[in-house]
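Following this line, the structure appears as structure tokens:
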């Protein structure tokens, strides 16, 4: 059944509305949540991890309503990697993870086997005796992901899991999340990021969030189709013309090729100069949907 969100609103005491009457269904498997910083992604995850109660509306996990009486039951089903994590700096990686296993009430032999498995999967096995404070930011992210996986949750929530990782590490983590979501137990992974490339490589379904609203939810292929016919390649040798194009259109890429400036423009209608239509990437489609929905006619 996954997660069902209906008419969800979160307003803080300073009258800032972080989530605005949002509806969303998160199915089993790996589901991407894409949006700029400040879109409301982290607030949504705080609701889904029972850290924050919504102002109005409802959320449910496999039919279990998010309410104070159900929070303990829900917490047993979820694992969470927050955007900012600080895990016991004076403990070694192994000690830290074993302590987290104890806190989660996992049998000792079980969590030791899982720690060994995930340290190997995340290339941290050789660093298991290092203290947490000795680790790089990327290594700490990987340890944080392991702690979120220790209880093998039915619903795994990861907030910017590839921040601070090099390209090979990012691929390894994306593959780990994809494998985890495809287990025979029918797990759900909510993968929140502003890095479009990560979702393109790991997910088939996603939601686009901006200013507390969901602008799109569904298949990535269908999102790309929406942007079809609205992405253009324009070339010019005139720097002044290039600057004018940047003012008038959303530019998703700009390259200097010889004595030409080659720009990819996102536009509802063909630009008023010689351009050729091109296939949309997920990044192009995100820019198209995010700006078309909030600023119709100004794209």
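In our numbering, the protein residues as written are 1 to 299.
Quick reminder that beta carbons are idealized off the backbone N, C-alpha and C, glycines included.
Could you check what DSSP says for residue i in three-state terms: helix, strand or coil?
{"i": "residue 40", "result": "coil"}
{"i": "residue 295", "result": "Confidence at residue 295 is low in this model, with a pLDDT of 43, below 50, so the placement of that residue should be treated as unreliable; the coordinate-derived value is given next. Residue 295: coil per DSSP, three-state reduction."}
{"i": "residue 116", "result": "helix"}
{"i": "residue 269", "result": "coil"}
{"i": "residue 70", "result": "helix"}
{"i": "residue 14", "result": "coil"}
{"i": "residue 51", "result": "coil"}
{"i": "residue 284", "result": "helix"}
{"i": "residue 6", "result": "strand"}
{"i": "residue 22", "result": "strand"}
{"i": "residue 106", "result": "coil"}
{"i": "residue 215", "result": "strand"}
{"i": "residue 29", "result": "strand"}
Considering only C-alpha positions, which residue in the set the options is nearest to residue i?
{"i": "residue 10", "options": "139, 151, 276 and 21", "result": "21"}
{"i": "residue 139", "options": "266, 235 and 166", "result": "166"}
{"i": "residue 61", "options": "14, 284 and 153", "result": "153"}
{"i": "residue 180", "options": "150, 200 and 263", "result": "150"}
{"i": "residue 64", "options": "155, 39 and 93", "result": "155"}
{"i": "residue 159", "options": "136, 199 and 125", "result": "199"}
{"i": "residue 128", "options": "94, 135, 142 and 247", "result": "94"}
{"i": "residue 52", "options": "105, 38, 71 and 27", "result": "71"}
{"i": "residue 8", "options": "14, 17 and 56", "result": "56"}
{"i": "residue 5", "options": "213, 23 and 39", "result": "23"}
{"i": "residue 100", "options": "188, 146, 286 and 292", "result": "146"}
{"i": "residue 281", "options": "270, 197 and 144", "result": "197"}
{"i": "residue 85", "options": "132, 227 and 120", "result": "132"}
{"i": "residue 284", "options": "229, 13, 104 and 259", "result": "229"}
{"i": "residue 305", "options": "175, 287, 54 and 3", "result": "Lying outside 1 to 299, the shown extent of the chain, residue 305 is not represented and no answer is given."}
{"i": "residue 242", "options": "3, 226 and 275", "result": "275"}
Based on DSSP bridge pairs, tell me the residues matched to residue i.
{"i": "residue 159", "result": "192"}
{"i": "residue 262", "result": "235 and 255"}
{"i": "residue 64", "result": "61"}
{"i": "residue 131", "result": "92"}
Under 7 Å from any heavy atom of the ligand SAM, does the C-beta of residue i make it?
{"i": "residue 111", "result": "In the structure shown, the ligand SAM is absent, as is every other ligand, since no ligand is present at all."}
Distance cutoff 8 Å, beta carbons only. Does residue i sit that close to anything in chain C?
{"i": "residue 143", "result": "Included in the structure is just one protein chain, with no chain C present."}
For residue i, report the span of its alpha helix (DSSP H) as first-last.
{"i": "residue 221", "result": "220-227"}
{"i": "residue 315", "result": "One cannot answer for residue 315 here, as it falls past the ends of the chain, which runs 1 to 299."}
{"i": "residue 139", "result": "137-149"}
{"i": "residue 173", "result": "167-181"}
Could you spell out where the beta strand (DSSP E) holding residue i opens and where it closes?
{"i": "residue 80", "result": "78-81"}
{"i": "residue 207", "result": "205-210"}
{"i": "residue 35", "result": "Per DSSP, residue 35 belongs to no beta strand (DSSP E) and is neither H nor E."}
{"i": "residue 234", "result": "231-236"}
{"i": "residue 58", "result": "56-61"}
{"i": "residue 123", "result": "Neither: residue 123 is in no beta strand (DSSP E) and is coded neither H nor E."}
{"i": "residue 276", "result": "275-277"}
Would you call the stretch 252-265 and the stretch 227-240 in contact, with 3 or more CB pairs under 8 Å? yes
Okay, do the stretch 28-42 and the stretch 200-219 touch, 3+ Cβ pairs below 8 Å being the bar? yes
Pair every Cβ in the stretch 250-259 with every Cβ in the stretch 188-195, then say whether three or more of these pairs are closer than 8 Å. no
Validate contact between the stretch 111-119 and the stretch 79-89 using beta carbons, cut 8 Å, 3 pairs: no
Inspect the CB distances between the stretch 215-231 and the stretch 38-46 and report whether three or more fall short of 8 Å. no
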